[in-house]
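Chemist: Protein chains in written order, with the working numbering: chain E, 27 to 230; chain G, 27 to 230.
There are 2 protein chains.
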Amino acid sequence: MGIAERRAREKAGIRQEILDAARELFVKEGYEATSIRKIAHKAEYSPGTIYLYFEDKQAVLEALGDEMFRRLDQRMQAIEQDSWGDPLVRLRRGLRVYIEFGLEHPHHYCLVFMLPPEQLSRPMDPLKLQNAMASFQHLVVMVQSCMQAGSIPVGDPQEISQALWAGAHGITSLLIAKCGFPFIEQGRLIDRVLETLIEGIRNK
Amino acid sequence: MGIAERRAREKAGIRQEILDAARELFVKEGYEATSIRKIAHKAEYSPGTIYLYFEDKQAVLEALGDEMFRRLDQRMQAIEQDSWGDPLVRLRRGLRVYIEFGLEHPHHYCLVFMLPPEQLSRPMDPLKLQNAMASFQHLVVMVQSCMQAGSIPVGDPQEISQALWAGAHGITSLLIAKCGFPFIEQGRLIDRVLETLIEGIRNK
DNA sequence: TGCCCATGGTGAACAGTGTTCATTATTTCA
DNA sequence: TGAAATAATGAACACTGTTCACCATGGGCA
Numbered sequence: 027m028g029i030a031e032r033r034a035r036e037k038a039g040i041r042q043e044i045l046d047a048a049r050e051l052f053v054k055e056g057y058e059a060t061s062i063r064k065i066a067h068k069a070e071y072s073p074g075t076i077y078l079y080f081e082d083k084q085a086v087l088e089a090l091g092d093e094m095f096r097r098l099d100q101r102m103q104a105i106e107q108d109s110w111g112d113p114l115v116r117l118r119r120g121l122r123v124y125i126e127f128g129l130e131h132p133h134h135y136c137l138v139f140m141l142p143p144e145q146l147s148r149p150m151d152p153l154k155l156q157n158a159m160a161s162f163q164h165l166v167v168m169v170q171s172c173m174q175a176g177s178i179p180v181g182d183p184q185e186i187s188q189a190l191w192a193g194a195h196g197i198t199s200l201l202i203a204k205c206g207f208p209f210i211e212q213g214r215l216i217d218r219v220l221e222t223l224i225e226g227i228r229n230k
Numbered sequence: 027m028g029i030a031e032r033r034a035r036e037k038a039g040i041r042q043e044i045l046d047a048a049r050e051l052f053v054k055e056g057y058e059a060t061s062i063r064k065i066a067h068k069a070e071y072s073p074g075t076i077y078l079y080f081e082d083k084q085a086v087l088e089a090l091g092d093e094m095f096r097r098l099d100q101r102m103q104a105i106e107q108d109s110w111g112d113p114l115v116r117l118r119r120g121l122r123v124y125i126e127f128g129l130e131h132p133h134h135y136c137l138v139f140m141l142p143p144e145q146l147s148r149p150m151d152p153l154k155l156q157n158a159m160a161s162f163q164h165l166v167v168m169v170q171s172c173m174q175a176g177s178i179p180v181g182d183p184q185e186i187s188q189a190l191w192a193g194a195h196g197i198t199s200l201l202i203a204k205c206g207f208p209f210i211e212q213g214r215l216i217d218r219v220l221e222t223l224i225e226g227i228r229n230k
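#1: For residue 98 (chain E) and residue 52 (chain E), which I take to be in contact (beta-carbon distance under 8 angstroms), what is that distance rounded to the nearest angstrom?
#2: So the candidates are E:182, E:179, E:175 and E:185; which of them puts its Cα closest to the Cα of residue 110 (chain E)?
#3: Residues in the same chain with beta-carbon distance under 6 angstroms from residue 187 (chain E), minus the five sequence neighbours each way, listed in chain order, please.
#4: Using CA coordinates, which residue listed in G:38, G:130, G:141 and G:125 is at the minimum distance from residue 87 (chain G)?
#5: Would you be able to state if there are at least three C-beta pairs under 8 angstroms between the region 71 to 87 of chain G and the region 112 to 126 of chain G?
#6: Check whether the region 39 to 49 of chain G touches the region 202 to 220 of chain G, counting contact only when three or more Cβ pairs, one atom from each stretch, lie closer than 8 angstroms.
#7: Touch check for the region 195 to 211 of chain E and the region 132 to 139 of chain E: three-plus C-beta pairs under 8 angstroms?
#8: Using only alpha-carbon positions, find the residue among G:95, G:104, G:63 and G:177 that is nearest to residue 161 (chain G).
#9: Here's the rule: buried if 16 or more other CB atoms are within 10 angstroms of the residue's CB, otherwise exposed. What is residue 181 (chain G)?
#10: Just reading off the alpha helix (DSSP H) that residue 141 (chain E) is part of, what are its end residues?
#11: Per DSSP, what kind of secondary structure is residue 131 (chain E) in: helix, strand or coil?
#12: Tell me where the alpha helix (DSSP H) around residue 110 (chain E) begins and ends.
#13: Do you know whose CA, among E:155, E:213 and E:63, lies nearest residue 185 (chain G)'s CA?
#14: Under 9 angstroms Cβ-Cβ, which residues of chain E neighbour residue 229 (chain G)?
#15: Quick one: is residue 153 (chain E) buried, meaning 16 or more other Cβ sit within 10 Å of its Cβ, or exposed?
#16: Could you tell me the alpha carbon to alpha carbon distance between residue 27 (chain G) and residue 34 (chain G), rounded to whole angstroms?
#17: Please report whether the beta-carbon of residue 171 (chain G) lies at a distance below 9 angstroms from any beta-carbon of chain E.
#18: Once the 5 residues before and after residue 151 (chain G) are set aside, which same chain residues still bring their CB inside 6 angstroms of it?
#19: Closest Cβ-Cβ distance between residue 195 (chain G) and chain E: below 9 angstroms?
#20: Which residue comes first and which comes last in the alpha helix (DSSP H) that contains residue 198 (chain G)?
#21: Let me confirm a value: residue 58 (chain G) is counted as buried when at least 16 other C-beta atoms fall within 10 Å, else exposed. Which label applies?
#22: Counting only C-beta atoms, is residue 206 (chain E) closer than 9 angstroms to chain G at any point?
#23: Should residue 50 (chain E) be counted as a contact of the ligand FAD given a C-beta to heavy atom distance under 8 angstroms?
#24: Give the residues of chain G in contact with residue 122 (chain E), contact being defined as C-beta atoms less than 7 angstroms apart.
#25: Ordered along the chain, which non-local residues of its own chain (more than five positions away) have a Cβ less than 6 angstroms from that of residue 244 (chain E)?
#26: Looking only at C-alpha atoms, which of E:66, E:67, E:70 and E:206 sits nearest to residue 155 (chain G)?
#27: The alpha helix (DSSP H) with residue 74 (chain G) in it runs from where to where?
#28: Could you tell me whether any Cβ in chain E is nearer than 9 angstroms to the Cβ of residue 159 (chain G)?
#29: Would you grab the beta carbon distance between residue 197 (chain G) and residue 125 (chain G) for me? Rounded to a whole angstrom, and I think it's under 8 angstroms.
#30: How would you write the range of the alpha helix (DSSP H) that residue 219 (chain G) sits in, first residue to last?
#31: Confirm, please, whether the CB-CB distance from residue 62 (chain E) to residue 37 (chain E) is below 9 angstroms.
#32: CB residue 41 (chain G) to CB residue 114 (chain G), shorter than 9 angstroms?
#33: Can you confirm whether residue 129 (chain E), when its beta carbon is compared against all beta carbons of chain G, has any partner nearer than 9 angstroms?
#34: For residue 185 (chain E) and chain G, any beta-carbon pair shorter than 9 angstroms?
Here you go:
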């Protein structure tokens, strides 16, 4: 019964080849410029073949988004589990990592967090949602640690985590999308946002 | 010389007809679904005619974005000039109006604030930038009022205004783009974000 | 009034897009 | 080796933004 396994291995291999080609195009050119035909050409397959391994273009790029989620998840987990020091400092570091991660992978960040609704009209299948939730959950845990340590007032961890996420996402997406706006020095602005958020949840 | 004027009036009229058609499609369907051919058909012109009045599709939709900026500007100005009461309350109301405005016009908000960089690769011509700056400037004035009134510590108004904008933009764009995510009740989340931002700039 | 020219609108055409599907080639199993 | 199943193809469809040779209509002039 080694044949079926080999087939499955090959199938997964080709899928990966397609993803590699797609990623290479995507990180350089972004969503619009990454066409099925270009992906197929780079992976040395015909356009039709892509549809044997992915439902449509959206599915290909969603797979790239998943890769990003997993890497973000790892970084956040690393910070969450570093249990030394003030949990508030850890929380702040987590938010900073989130922002820096987004700025390092702007196209990926747009793909996952900024695509307008008409493009994600399909209601975000539960599996991917679980993935996104996992990444977000690290933030919730860090907020809970702060509450337990008495660094911030006790309250609804979901509420506070979502507010913090909004803040971090806000500066990340603004810096990515509105690069024409005359922002003050980027590092100082990020510092100020983090300062505001942390101070904001400390004093209630 | 009435002829040239009539010609100019007609030209402006047709331009407006095109914009009206584009707006109607855009608010219902969003960026992708609003095609030049659909606009032309709705305005009862041929596709080529659009290009006699606008440089390209991007220019048509940018004009819609300008309309939005002007209306946002009016609302912000109304709040800024209402000089009664605590300036901090006014600032908070301004931020809330910004968020609500975005949620009322999600496609417009995406168009102006969330389009990924590959689509706005042209470096945001200075006139439009001035427009955006005008809207933002109201926020700066409100922050300065707070400083003068002693409601918040004295600091760089640009820095604080940009941080506040990031926060307001964050929750607005998240709620628009990630409508699949299990957010807590929207009103409560917005309140929490505003609370966090205001408390954050008060204490430092 | 009759003519000419310039302006404005047209719609076919170009190069590209995502997606589908009948046809072909390859591989597996009897 | 022959039959059946599977995989890959690339042409075709319906769309996209954009350009441009063509034509008609209206204004100025003799």
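Yeah, the Cβ is synthetic: ideal placement off N, Cα and C, and Gly gets one too. Owing to the predicted nature of the structure, the values given are computational and were not obtained by experimental measurement.
Modeler: Short version:
#1: For the purposes of this step, residue 98 (chain E) is identified with residue 72 of the first sequence, where counting begins at 1. For the purposes of this step, residue 52 (chain E) is identified with residue 26 of the first sequence, where counting begins at 1. Not quite, the Cβ-Cβ distance comes to about 16 angstroms (not below 8 angstroms), so this is no contact.
#2: As a first step, residue 110 (chain E) must be located in the first sequence, where it is residue number 84. Checked all of E:182, E:179, E:175 and E:185; the closest Cα to residue 110 (chain E) is E:175.
#3: Position 161 of the first sequence, counted from the first residue, corresponds to residue 187 (chain E). Short of 6 angstroms from the beta carbon of residue 187 (chain E), and not among the five residues preceding or following it, lie these beta carbons of its own chain, in chain order: 165, 166 and 169.
#4: Here the question's residue 87 (chain G) lines up with position 61 in the second sequence. Checking every option, the nearest Cα to that of residue 87 (chain G) belongs to G:141.
#5: Because the criterion of three Cβ pairs below 8 angstroms is not met, the region 112 to 126 of chain G and the region 71 to 87 of chain G do not touch.
#6: Contact between the region 39 to 49 of chain G and the region 202 to 220 of chain G is absent, because fewer than three Cβ pairs lie under 8 angstroms.
#7: As far as the Cβ criterion goes, the region 195 to 211 of chain E touches the region 132 to 139 of chain E, which means the pair count is three or higher.
#8: To locate residue 161 (chain G), count along the second sequence from 1; it is residue 135. Closest by alpha carbon: G:95.
#9: Within the second sequence, the letter at position 155 stands for residue 181 (chain G). With a 10 Å radius around the Cβ and a threshold of 16 neighbouring Cβ atoms, residue 181 (chain G) comes out exposed.
#10: For this step, residue 141 (chain E) is matched to residue 115 along the first sequence. Run containing residue 141 (chain E): none; DSSP gives neither H nor E here.
#11: By one-based count along the first sequence, residue 131 (chain E) stands at place 105. Note: residue 131 (chain E) maps to coil in three-state DSSP.
#12: Taking the first sequence and counting its residues from 1, one reaches residue 110 (chain E) at position 84. Where residue 110 (chain E) is concerned, there is no enclosing alpha helix (DSSP H), because DSSP gives it neither an H nor an E.
#13: In the second sequence, residue 185 (chain G) corresponds to position 159, counting from 1. Minimum Cα distance to residue 185 (chain G) is reached at E:213.
#14: Within the second sequence, the letter at position 203 stands for residue 229 (chain G). Around residue 229 (chain G), the beta-carbon contacts reaching into chain E at under 9 angstroms are 225, 226, 228 and 229.
#15: Here the question's residue 153 (chain E) lines up with position 127 in the first sequence. The residue in question, residue 153 (chain E), is exposed, as its Cβ has fewer than 16 Cβ neighbours within 10 Å.
#16: For this step, residue 27 (chain G) is matched to residue 1 along the second sequence. For this step, residue 34 (chain G) is matched to residue 8 along the second sequence. Residue placement at residue 27 (chain G) is poorly supported in this model, since its pLDDT is 45, which falls under 50; the coordinates are not used for a value here.
#17: As a position in the second sequence, residue 171 (chain G) is number 145, starting the count at 1. Judged by the 9 angstroms Cβ criterion, residue 171 (chain G) is not in contact with chain E.
#18: Within the second sequence, the letter at position 125 stands for residue 151 (chain G). Closer than 6 angstroms at Cβ, skipping near neighbours: no residue.
#19: Taking the first residue of the second sequence as position 1, residue 195 (chain G) is located at position 169. Yes, residue 195 (chain G) counts as interfacial toward chain E.
#20: The residue labelled residue 198 (chain G) in the question sits at position 172 within the second sequence. For residue 198 (chain G), the uninterrupted alpha helix (DSSP H) segment begins and ends at 183 to 203.
#21: Residue numbering aside, residue 58 (chain G) sits at position 32 when the second sequence is read from its first letter. Residue 58 (chain G) comes out exposed.
#22: For the purposes of this step, residue 206 (chain E) is identified with residue 180 of the first sequence, where counting begins at 1. Yes - at least one Cβ of chain G is within 9 angstroms of the one on residue 206 (chain E).
#23: This structure simply doesn't include the ligand FAD, nor any ligand for that matter.
#24: For the purposes of this step, residue 122 (chain E) is taken as residue 96 along the first sequence, with counting starting at 1. Residues of chain G with a Cβ closer than 7 angstroms to the Cβ of residue 122 (chain E) do not exist, since the nearest Cβ in that chain sits about 14 angstroms away.
#25: Past the boundaries of the shown model lies residue 244 (chain E); chain E is included only from 27 to 230, so the question cannot be answered.
#26: Counted from its first residue, the second sequence places residue 155 (chain G) at position 129. Ranked by Cα distance from residue 155 (chain G), the options E:66, E:67, E:70 and E:206 are led by E:206.
#27: If you number the second sequence from 1, residue 74 (chain G) lands on position 48. Its alpha helix (DSSP H) spans residues 73 to 79.
#28: Numbered from its first residue, the second sequence carries residue 159 (chain G) at position 133. For residue 159 (chain G), the answer is yes, since a Cβ of chain E falls inside 9 angstroms of its Cβ.
#29: What you label residue 197 (chain G) is simply residue 171 of the second sequence in a count that begins at 1. What you label residue 125 (chain G) is simply residue 99 of the second sequence in a count that begins at 1. About 6 angstroms; that satisfies the 8 angstroms criterion.
#30: For the purposes of this step, residue 219 (chain G) is taken as residue 193 along the second sequence, with counting starting at 1. Per DSSP, the continuous alpha helix (DSSP H) segment holding residue 219 (chain G) begins and ends at 212 to 228.
#31: Numbered from its first residue, the first sequence carries residue 37 (chain E) at position 11. Numbered from its first residue, the first sequence carries residue 62 (chain E) at position 36. No, the pair does not count as a contact, with Cβ atoms beyond the cut-off.
#32: Translated into positions along the second sequence, residue 41 (chain G) becomes position 15. Translated into positions along the second sequence, residue 114 (chain G) becomes position 88. At a Cβ-Cβ threshold of 9 angstroms, residue 41 (chain G) and residue 114 (chain G) do not count as neighbours.
#33: The count along the first sequence starts at 1 and reaches residue 129 (chain E) at position 103. It does not: the Cβ of residue 129 (chain E) has no partner Cβ on chain G nearer than 9 angstroms.
#34: Working through the first sequence from its first residue, we reach residue 185 (chain E) at position 159. It does: the Cβ of residue 185 (chain E) has a partner Cβ on chain G nearer than 9 angstroms.
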